[in-house]
Structure formats: C-alpha cells, structure tokens
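Reading through the structure tokens given below for one structure.
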C-alpha cells in the first residue's frame, strides 16, 4: 500500500474499533484488505473474502414476483421506510462465526463483528 493508503487504513481501522465493528483477533484464518476508490474520490476499505466465499454453501431462494408483492399490499394503509445506508454494518455476526471473518492488515489482525459487503449470503 502507498503511504497515503496506509494513513487511510489506520484512520478507518480506528473508526471501526471506536464503533465496535472490529476487535483484535487470534483467529487462525485471515483475509486480506484493499482499498477501492469511490466516485467521490474517498477510499472504501474492502476485505477480500473470495477464499471464504469459495467454500460457503450458497443460499438459494426464489425471488417473489412483483405482481404477487403488490397483491399482498392491497388494502393496506400503513407502510414503513428503512434507511439502509451502511445496512451491512447493522447486522451482528454470530459469535461462533467470528473467527471466519478475521482479516489481517499491516497493523494487526482483527475479527469483523458486523456483516460485511462482499460476503456470500450477506
């Protein structure tokens, strides 16, 4: 990683620690991290779970048809709206699965405590 990316990595790790999304890990597993540039020029920290995804049994559910969904709404008068910004980080990972979510950086080894994007079945 370039020096500017290392600074960004340190800043983002501190923020994740502060929010309680990660903690130090002793897991024998690890995934690597990388940055992806967003449209606004900022950097998104990504964890490369391709190896874990290869051995994950994928969920398979049929998608509902849109007309069936509209039929279910017929006659209703109350609707909910949810803000799903950073929605993945709002879901906790089961404690027994935490070691599988481990990732390694130049600075330390961490367990991810919340659902990441890029993980199969997320």
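In the UniProt record's numbering, the protein residues as written are 1 to 122.
Yeah, the Cβ is synthetic: ideal placement off N, Cα and C, and Gly gets one too.
As the structure is a prediction and not an experimental result, all values here were calculated from the model.
Which residues does DSSP pair with residue 109 in a beta bridge? Taking the first residue of the chain shown as 1, we reach residue 109 at position 109. The partner list for residue 109 (beta bridge, DSSP) reads 104.
Going by alpha carbons, who is nearest to residue 108 out of 80, 3, 25, 48? Taking the first residue of the chain shown as 1, we reach residue 108 at position 108. With distances taken between Cα atoms, residue 108 lies closest to 25.
Excluding the five sequence neighbours on either side, which residues of its own chain have a C-beta within less than 8 Å of the C-beta of residue 93, listed in chain order? Here residue 93 refers to the residue found at position 93 when the chain shown is read from its first residue. Closer than 8 Å at Cβ, skipping near neighbours: 101, 112, 113, 114, 115.
Quick one: measure Cβ to Cβ for residue 12 and residue 45, integer angstroms, because I've assumed they're closer than 8 Å. On the chain shown, residue 12 is found 12 positions in, with the first residue counted as 1. On the chain shown, residue 45 is found 45 positions in, with the first residue counted as 1. That pair is a contact at about 5 Å.
Chain D contact for residue 68 (CB, 8 Å cutoff): Note that chain D does not occur in the displayed structure, where there is just one protein chain.
Hey, would you say residue 47 sits closer than 8 Å to residue 33, going by beta carbons? Mapped onto the chain shown, residue 47 falls at position 47. Mapped onto the chain shown, residue 33 falls at position 33. In contact: residue 47 and residue 33 (Cβ atoms closer than 8 Å).
Sort out for me which residues DSSP pairs residue 48 with in a bridge. As a position in the chain shown, residue 48 is number 48, starting the count at 1. Per DSSP, 32.
List the endpoints of the continuous alpha helix (DSSP H) containing residue 168. Nothing in the structure corresponds to residue 168, since the chain is present only between 1 and 122.
Could you compute how far the alpha carbon of residue 126 sits from the alpha carbon of residue 71? Outside the displayed range of the chain (1 to 122) lies residue 126, so it cannot be described from this structure.
For residue 58, list the residues DSSP reports as bridge partners. Counting from one through the chain shown, the residue named residue 58 turns up at place 58. Residue 58 is not bridged to any residue.
Classification of residue 63 by the beta-carbon crowding that lies within 10 angstroms, buried from 16 upward: For this step, residue 63 is matched to residue 63 along the chain shown. The residue is exposed, with fewer than 16 neighbouring Cβ atoms inside 10 Å.
According to the neighbour-count rule (16 or more other Cβ atoms, all chains shown, within 10 Å of its Cβ), is residue 22 buried or exposed? Counting from 1 along the chain shown, the entry for residue 22 is found at position 22. Buried, by the Cβ-count rule.
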